[in-house]
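Chains V, E, P and F, in that order, are what the protein sequence lines are. The C-terminal position of the first sequence is numbered 395 in this note's numbering, with every residue numbered one higher than the one before it. The C-terminal position of the second sequence is numbered 395 in this note's numbering, with every residue numbered one higher than the one before it. The C-terminal position of the third sequence is numbered 412 in this note's numbering, with every residue numbered one higher than the one before it. The C-terminal position of the fourth sequence is numbered 412 in this note's numbering, with every residue numbered one higher than the one before it. Yeah, the Cβ is synthetic: ideal placement off N, Cα and C, and Gly gets one too. This one's a predicted model, so the numbers in the text were calculated from it and none came from an experiment.
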Amino acid sequence: MNFGFTEGQEKLRKEVHDFIVNELPEDYRGVFFGVTPHNEECAAFSKELQRKAGEKGWIAAGWPKEYGGLGLGEMERGIVREELGRWVLNWPNYVGSEIAGPAVLMFGTEEQKKKFLPPVAQGKVQWDQLFTEPNAGSDEANIQLRAVADGDYFVFNGQKMFVGEIYEPDYLYILARTADTTPKHRGLTLFLVPANLSGISSRPLECLSGQTKREFFFDDVRASKECMIGELNRGFYNAMASLQLERSFLGNPASDKRDLEEFIQYCKETKRNGKPLIENPEVRDALARMAVEIEVNRLASWRTVWRVGEQEKMGPLDYDLSTFFRRTFTTSRCKAMMDIMGLHGQLRTGSKWAPLAGAVLRKWLRARSLHAGGTTEILKVVLAERSLSLPRKR
Amino acid sequence: MNFGFTEGQEKLRKEVHDFIVNELPEDYRGVFFGVTPHNEECAAFSKELQRKAGEKGWIAAGWPKEYGGLGLGEMERGIVREELGRWVLNWPNYVGSEIAGPAVLMFGTEEQKKKFLPPVAQGKVQWDQLFTEPNAGSDEANIQLRAVADGDYFVFNGQKMFVGEIYEPDYLYILARTADTTPKHRGLTLFLVPANLSGISSRPLECLSGQTKREFFFDDVRASKECMIGELNRGFYNAMASLQLERSFLGNPASDKRDLEEFIQYCKETKRNGKPLIENPEVRDALARMAVEIEVNRLASWRTVWRVGEQEKMGPLDYDLSTFFRRTFTTSRCKAMMDIMGLHGQLRTGSKWAPLAGAVLRKWLRARSLHAGGTTEILKVVLAERSLSLPRKR
Amino acid sequence: MDFALSEEQEMLKKMAREFLERACTESLVREVERGDKGYSPELWRKIAELGWTGMVFPEKYGGTESSLLDMAVLYEEMGRAMFASPHLSTVILCGLLILETGSEQQKAELLPKIAKGDLVLALALTELDPSWDASGVTTRATPNKGAYIISGTKLFVHDAHVADRLLCVTRTRDSAEPADGVTLFLVDARSPGLSYTLLKTMVGDNKQCEVVFDKVRVPAENMVGQLHKGWAPAASAIQRGAVMLCAEMAGAGQRVLELTLDYAKTRVQFDQPIGVHQHVQEHCIQLLASVDSSRWVTYQAAWKLSQDLPGDMEVAMAKAWTNEANEHACWRAHQVFGGVGYTSEIGVLPIYSRRGRAAQSYLGDTAYWRKKVAGGIDGWVLEMPKGKPMGFWQ
Amino acid sequence: MDFALSEEQEMLKKMAREFLERACTESLVREVERGDKGYSPELWRKIAELGWTGMVFPEKYGGTESSLLDMAVLYEEMGRAMFASPHLSTVILCGLLILETGSEQQKAELLPKIAKGDLVLALALTELDPSWDASGVTTRATPNKGAYIISGTKLFVHDAHVADRLLCVTRTRDSAEPADGVTLFLVDARSPGLSYTLLKTMVGDNKQCEVVFDKVRVPAENMVGQLHKGWAPAASAIQRGAVMLCAEMAGAGQRVLELTLDYAKTRVQFDQPIGVHQHVQEHCIQLLASVDSSRWVTYQAAWKLSQDLPGDMEVAMAKAWTNEANEHACWRAHQVFGGVGYTSEIGVLPIYSRRGRAAQSYLGDTAYWRKKVAGGIDGWVLEMPKGKPMGFWQ
C-alpha cells in the first residue's frame with residue numbers, strides 16, 4: 002500500500018497546478034464547473050484556457066500520442082483531473098475528452114480517430130452529448146430519436162433533452178434508434194455529427210440553479226454515413242463500455258475540498274451574534290464532518306482509478322463507490338453550508354451581501370438534482386446487482 | 002381542531018396517573034416494558050400491578066362492560082395507554098388486552114368471549130402470541146405449524162419462535178396452518194389454547210439486549226375444537242383485521258418522553274470535562290432534536306387514534322405514521338444518547354457507574370431490532386401500496 | 019383531541035383553494051417572480067375583497083375575529099398555490115402587533131386600512147448580523163425635540179419597497195438585558211433619509227430589501243407600545259409569523275407530495291411506472307411523513323396561540339421541525355422527478371424548492387428554534403413515583 | 019497510490035485468517051465472553067508463538083520490525099475473527115510506547131518478554147470523568163524518598179485485572195497547559211494499595227476495570243520517559259491504538275457485510291430471497307459503503323504513521339469516520355437480519371454489534387476526533403490564483 006505519489010507524478014501535479022494558478026484570474030471562483038453564471042466573457046476565457054491546456058497535452062492525457070494525447074496511465078490522468086478539480090475547473094469540452102472521445106477511441110475506425118480525436122486533445126473543439134429524451138431518462142434504452150439509413154446518409158428525426166451548457170458545439174454525440182428490437186437496447190447506434198447540419202435546432206431550458214440546459218430538435222437531418230461510431234445497433238453497449246470511467250471522477254473531491262476551503266475562510270471572516278462562525282462548536286463539528294466525508298470520497302475515487310488501472314491483473318472493476326459518496330455527501334454538505342449561512346444563504350451572485358459570491362447557493366440548487374449519468378436509484382440497482390450480486394426480482 | 006382534552010378525559014388521566022405514581026416504587030425505572038432485567042421480584046410486582054389495574058377496569062378499557070371492560074372510546078383508551086407509557090409501563094398481558102383479546106372480541110363466539118375476555122380485563126391471566134416461525138418472519142403467511150382436525154380436537158405439530166417474555170402463560174394465541182392453499186394466506190386459522198397441554202414445550206432464547214424470547218415446540222398437542230377463534234382458514238385475515246390498532250401505540254411517545262426526561266436529568270447531573278453535559282451546545286441541540294421528534298410522534302399517534310375513532314364517519318384508516326416515526330426516531334435517539342454518554346454508555350445494569358442504571362444501553366440494544374409486528378421494510382411496502390396507492394411491480 | 023377542521027374552516031379552505039386555483043395560476047406566479055414588486059396588486063385587491071386582509075381583526079376594525087388557527091388554514095392554501103403577497107408582513111407581523119400593542123388611535127387609523135387592502139406594512143427587524151433575538155437590534159432611535167432620529171441598516175426586510183409604512187425595531191437604550199431598550203416605531207416609507215435596495219435572492223417573489231435609515235426623523239407619537247419595551251411584542255409577532263410560515267410550508271409540501279405521487283404513478287421507464295420501485299416508494303413515504311407531521315405540529319402551535327395558551331415550546335417545535343421537513347420533502351421530490359424537476363420551465367417543483375428554503379430561514383431557522391426548545395427543556399422537572407423502594411436494580 | 023497489500027502482507031493476512039478461523043471459533047468466542055479473563059491464555063500463547071506479540075519490535079527485542087501498516091492487516095483479521103486478547107493493551111499501547119520512550123534498560127527488560135507472550139501490560143489512562151486529553155489526568159504521583167506515591171482512580175482500564183504491570187498516566191505538576199506535568203509510570207500490578215473491580219459492560223470480552231490507586235509506591239526508576247513530559251508519548255500511543263481499533267472495526271465490518279449478503283441471498287420470504295427487494299439492497303449498499311470506506315481511511319492513517327509522516331489529521335479522520343461507519347454497518351445488518359440477528363444464540367451479529375460499540379467509544383469517540391479534525395482545519399490556508407482579475411462576478 003502507498004498513499005503517496007511518485008516523484009514523476011508529483012512533478013506532473015506541480016506543472017498542472019502552476020499552469021492553472023497562473024492562468025486563473027484573482028477574482029476567479031468556480032469557473033465553468035457547471036456553477037458559472039452565464040457570461041460570455043467567462044465562456045470565452047474558459048475556451049482559451051482549454052486551448053492552452055491542449056497545447057500541454059493535458060486535455061486527453063491518456064490517449065495515445067498519435068491522437069493528440071500523452072499516453073499517460075490512469076494514475077497520471079487522475080492527477081490532471083484532480084488538479085483541475087482543485088480549482089473547481091473542468092474543460093468545456095468534457096464530453097469530447099471524457100465521454101465521446103473514449104468511445105471513438107474504442108470503437109471508431111482509424112479514419113474517425115485521426116479526424117476527430119486530435120482537435121479534442123488540442124482543446125480546439127466543443128462537443129455536446131445528446132442521449133436523454135423526454136421518455137428516455139433513467140431508461141436510456143427507450144430512446145426514440147430515429148436515424149434511418151438512406152443511401153450514403155443517415156436521416157435523423159426526433160428530440161433530445163437536458164443537453165449540456167455549450168453554446169456553440171462543433172459536434173453532437175448522439176445515441177439514436179436504428180432498429181425496433183426487443184430488448185430495446187439492441188436497436189441503438191452511436192453517431193458523431195456536425196452541429197451545423199441543416200434541420201438541427203435547439204432552445205435553452207432554464208434550470209433551478211440558473212444553469213442552462215438545451216433541448217435539440219432534429220427535422221430530417223441528413224448526415225454522411227461516416228458519422229456512425231462503432232457497429233450498427235451496438236450503440237447502447239458501446240456507450241456503456243466507454244462511459245465506465247465517467248463514474249469515478251477525481252475532480253469532484255478535489256473541487257469539494259476547494260469549496261470547503263473557501264467556506265471555512267468565510268466562516269473565519271464572518272461574525273454571527275458578534276462571534277466568528279468558526280468559533281461556534283456546532284459549525285466546527287459540521288465543518289469537520291464535511292472534511293472527513295470529502296477525504297472518504299477522495300480515497301474511494303483514487304481506489305477506483307487505481308483499480309481501473311489494475312484491470313489487466315485483477316479483471317473488470319468490482320465496484321465504484323465514488324459516485325455514491327459524491328451524491329450522498331454533496332446533498333448533506335450543501336444543506337449544512339446553507340444552514341450555517343442562515344438568511345444570507347438565499348442571496349445570489351450579484352448581491353453585495355452574497356457569501357462567496359453566491360457559489361454555495363448555486364451548489365445547493367444544483368444538488369437538488371445530481372443526476373448526470375443516471376439517477377441515484379439506477380446507480381443503486383447497479384451496485385446491488387453487479388457489485389454485490391444480489392438477486393433480481395422474478 | 003382541538004389539541005386539548007375534555008374535562009372527563011383529564012379526570013381519567015389523573016386517576017390513572019395517581020394510581021401508577023402511588024403504586025410504582027421510588028427506585029423504579031422502566032419496569033417490564035421489555036427493558037426490565039430478568040428478576041422474579043419484578044415480574045411478580047408487575048403481575049400484581051396488572052391485577053390492581055384490572056380492578057379499575059383499565060386493562061381493556063375499550064371492551065364492553067359485559068366482558069370486563071369499561072366501554073370507553075378510542076380517545077379514552079388512548080389516554081390510559083399514554084399514562085402507562087409515561088412510566089415506561091405496559092401490562093404483562095399486552096397480548097391479551099391488545100392483540101388476541103380484540104380478535105376474540107371481533108371473531109369469537111359468545112361463549113368464547115364470556116370465557117376468555119373477563120380474566121384478561123381483570124388482569125388475572127397471561128397470554129402469549131405464537132405467530133412467527135423460523136421460515137415465517139415478515140412473510141407471516143408462510144406458517145407451517147399444523148393444526149389438523151381429529152374428531153373433537155385439533156392436533157398441533159410444529160415450532161414457533163420469538164415469543165414474548167411471559168414466563169408462565171395461561172393461554173397461547175396461535176396462528177396455524179389448517180390447509181395447503183394458494184395463496185398461502187387462505188389456509189391459516191387462529192387458536193387460543195391452554196398453555197399447559199401435554200406436548201407443548203419451550204426453551205428460552207437470549208437476546209442482544211439481555212431480554213429473553215422463547216421458542217415453542219408442539220408435539221402432537223391435542224386441543225379441544227372450541228379453541229378455534231373465528232372461521233376456519235380465515236385466520237390470516239382476522240389476525241390482520243384485529244391487529245390494526247397495535248400499529249399505533251400511544252404508549253411509545255409517552256415512554257420516549259419519560260426516557261428523555263430521565264436522560265436530561267442525567268445530563269444536568271453529569272459533568273464531562275468539568276462541565277455539566279447540559280451546558281454543551283451539541284448536547285443541547287441533540288436533546289432539543291429528540292424532544293421535537295417525540296412530539297411529532299405523539300401527534301402522529303394521536304392522529305391515528307382519533308382517525309380510528311372516526312372510521313364510521315370517514316371510512317377505514319387512511320395511513321398511520323406513528324410506527325414509522327417510532328422506528329426512525331428510536332434508532333437515532335438511542336444512538337445520540339449513547340454518543341453523549343461516551344465510555345459510560347457501555348456499562349450495564351448492575352454497575353455502579355452505569356448511567357440511569359443501564360436503561361439507555363438496553364434501549365439502544367433493543368433498537369437494533371425494532372421488528373415487533375413486522376419489519377420496517379414490510380411497513381414501508383404497506384405505506385406505499387395501501388396508503389399512497391403506488392403501483393406494484395409486475 | 020380533534021384533528022378535523024371546523025365546518026367554517028373547511029369552507030374557508032375550499033373557498034381559498036378554488037379562488038387561488040383560478041386566480042393564482044402558474045403563469046401568474048412566474049410573472050410575479052419576474053416582476054419588481056413581488057406580488058400582484060390586482061390579486062391583492064381581490065383577496066382584500068374576500069376579506070383575507072382583515073378577517074383576523076375585531077369587527078370594529080373591519081374584521082371578523084378569525085383566529086390564528088383559521089389563518090393557518092388560509093396560509094396552507096396560499097403555500098399550496100405559491101401565492102406571494104405582503105400579507106405576512108402587513109397583516110400577521112405588523113397588523114396583529116399593532117392590534118396587540120398599538121394605541122387606540124393607531125389601531126383605529128391603520129387596521130381598517132389594512133383590512134381594506136389599502137395599506138401595506140413591512141417589519142424592519144433584522145440587520146447586517148441578522149438575529150431573531152433582541153441582541154441583534156442595533157439600529158438606533160435617539161430622542162430629539164419631540165421626535166426620534168433613526169439611524170442604521172436593516173437587511174432582509176420583506177416588502178419594504180412596496181410598503182406604505184415600516185414598523186421599525188430600534189434600540190433606544192443599552193442595557194445588560196438586550197430585550198430592555200428596544201422600541202418600535204411606525205415610519206412613513208417615504209421619509210427623508212430612507213433608502214431601499216432590492217436584494218437579489220433565489221426567490222423572485224417575496225422580495226426582500228436592504229433598508230438604510232440615515233437620520234430618519236419619526237414623530238414621537240409614531241411609537242408603537244411603550245418606550246424600551248418593544249421586544250416582547252416583536253417576539254410575539256415573530257412567533258405568529260413563524261407559525262404562518264409553517265402553515266405555508268405544510269401546504270406547499272402537500273402539493274409537492276401530490277405532484278410527486280402523480281409523477282411516480284404515471285412516469286413510465288423500463289416499461290413500468292417508476293413508482294413500482296421501492297427506492298422511489300421510499301422517497302414518497304418520506305415525503306408523506308414530512309408533510310403530514312408538519313401539518314400537526316403547525317396546527318397545534320396555531321391552536322395554542324389561538325387559545326391564548328402558553329405555546330412557546332409548541333411554536334419552537336413547529337418551526338424547527340417544519341423547516342427540516344420542508345427541506346427534506348423538496349429534496350425527496352427532486353429525487354423522484356430527476357431532471358424534469360430540475361428544469362425551471364417544466365412544472366413548479368423548482369418554485370416550491372426555492373420558496374421553501376427562503377421560508378426555512380425566515381423568522382428563525384432550525385438552529386434558532388431548536389435552541390428555544392433546549393431552553394424549554396431546561397425547565398423540565400422529573401416526576402418520581404411514590405411507592406416503596408424495591409431494589410430491582412441491585 | 020497503491021491500494022494493494024504487499025506480498026508479505028497478503029501472506030500475513032492469509033496466515034492470520036486461516037489460523038483464527040481454526041483457533042478462534044464461535045464457541046471459543048462465546049466461552050471467552052462468559053469467562054472472567056476476557057481472553058484465552060492458550061490462544062495468547064499460540065499467537066505469541068506465531069510472533070504476533072513481538073513482530074512490531076526491532077529484532078534485538080525479539081521482533082521483526084513489522085510496520086503499523088502490517089499490524090493493521092493483522093488487526094483487520096482479529097476484528098473479523100472476534101478475537102479478544104490483551105494485544106492492544108500490551109503490544110500497541112504500552113509496548114510501542116516503551117519502545118518509543120522507555121530507557122534502554124526498560125526496553126531490554128520488557129520488550130522481549132512481551133514478544134514471547136510472557137508479559138501482559140495495561141494502560142491506566144482514563145478516570146471517572148474520562149477524557150482522551152491531558153486535562154483528564156488527575157491521578158497524582160507525588161515524589162517521596164526516591165519513589166513516587168500514586169493516588170487516584172482509573173476507569174475503563176482494559177485488561178488491568180490480568181496485567182502484570184500497569185502503565186499509569188499520572189499528574190506530577192499542575193500547570194496552565196494540561197499536557198505539561200503528566201508523567202508515566204510502570205506499576206507492578208500486585209503493588210500494595212492497588213485494587214481492581216471488573217466493570218459490567220455490554221461486551222463479555224475486552225474486559226475493563228476500575229483501578230483504584232491508594233498511595234501506591236512506585237520506585238523512581240519505573241518512570242517511563244521524562245518527568246512532566248509524559249503526555250506526548252501517551253497521545254502517540256492513543257493515535258496508534260485508535261488506528262488499530264479502526265482496523266479491527268473494518269475487519270469486523272467486512273465479515274458483517276459477507277454474512278449479511280449471504281443472508282440476503284439465501285433467506286427466502288414471499289417465495290423469493292429477501293435480497294431482491296430494493297429496501298434490502300439499500301441496506302447492503304450502505305453496508306458496503308461503510309465497510310469499504312473504513313478500510314481506506316484506516317490504511318491511509320496506518321501508512322502515514324508507518325512512514326513517520328505527519329498523520330494527525332488522517333488518524334483523526336480515520337477514527338471519526340470508522341466509528342460512525344461501524345455503527346451504521348451493524349445497524350444496517352440488523353435491519354436485514356431482523357429477529358434472527360437479534361437473538362444472541364443464533365449467529366454472531368450481536369457479538370459484532372456490541373464489540374463495535376465498545377470500540378467506537380474506546381481511544382476517542384467520534385465527537386473527540388471530529389474536534390481534532392476541526393482543529394486541523396483551523397490551520398488550512400486558502401491558496402488564491404495569480405492571474406489578472408476579470409470581473410466575472412459583477
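Reference residue i; option with closest CA among the options
| i | options | result |
| --- | --- | --- |
| F/T156 | E/N298, E/E378, E/A44 and E/N274 | E/N274 |
| F/K31 | F/S312, F/P59, F/D147 and F/L87 | F/L87 |
| E/G159 | E/S203, E/L73 and E/L106 | E/S203 |
| P/E36 | P/T215, P/H301 and P/A99 | P/A99 |
| F/V234 | F/R183, F/G199, F/T119 and F/K337 | F/R183 |
| F/L141 | F/L128, F/T108 and F/D330 | F/T108 |
| P/Q226 | P/S103, P/G97, P/E127 and P/L400 | P/S103 |
| E/I295 | E/L198, E/R328, E/L362 and E/G316 | E/R328 |
Residue i, buried or exposed, once every other Cβ within 10 Å from all chains shown has been counted against 16
| i | result |
| --- | --- |
| E/E77 | buried |
| V/A150 | exposed |
| V/M339 | buried |
| P/T278 | buried |
| E/K48 | buried |
| V/L82 | Correcting the residue identity first, residue 82 of chain V is Arg in this sequence and not Leu. It is buried - the Cβ of V/R82 has at least 16 other Cβ atoms within 10 Å. |
| V/V293 | buried |
| F/V180 | buried |
| F/Q123 | exposed |
CB-CB length for residue i against residue j, believed under 8 Å
| i | j | result |
| --- | --- | --- |
| V/A289 | F/V391 | 4 Å |
| P/N162 | P/F203 | Actually they are not in contact, since the Cβ atoms of P/N162 and P/F203 sit about 13 Å apart, beyond 8 Å. |
| V/I341 | V/L278 | 6 Å |
| E/G343 | F/D383 | 6 Å |
| V/L191 | V/N239 | 6 Å |
Neighbouring residues, chain F, relative to residue i (Cβ below 9 Å)
| i | result |
| --- | --- |
| V/K381 | Q296, Q299, E300 and I303 |
Chain V residues whose Cβ lies nearer than 7 Å to that of residue i
| i | result |
| --- | --- |
| E/P282 | P282 and E283 |
Partner residues on chain E for residue i, Cβ-Cβ distance less than 7 Å
| i | result |
| --- | --- |
| V/D286 | E283 |
Limits of the beta strand (DSSP E) - the one that residue i falls within
| i | result |
| --- | --- |
| P/D310 | That residue, P/D310, is in no beta strand (DSSP E); its alpha helix (DSSP H) goes Q296 to S324. |
For residue i, the first and last residue of its enclosing alpha helix (DSSP H)
| i | result |
| --- | --- |
| P/Q257 | W249 to T284 |
| E/Q160 | Unbroken run through E/Q160 is the beta strand (DSSP E), Y154 to V164; no alpha helix (DSSP H). |
| E/P205 | Here E/P205 belongs to no alpha helix (DSSP H); instead the beta strand (DSSP E) covers I201 to E207. |
| F/C186 | No alpha helix (DSSP H) contains F/C186, which is instead part of the beta strand (DSSP E) from R183 to R189. |
| P/R52 | E44 to R52 |
Chain-ordered neighbours of residue i on chain P, where CB pairs are closer than 8 Å
| i | result |
| --- | --- |
| V/D410 | The structure shown has nothing for residue 410 of chain V, since chain V only spans 2 to 395. |
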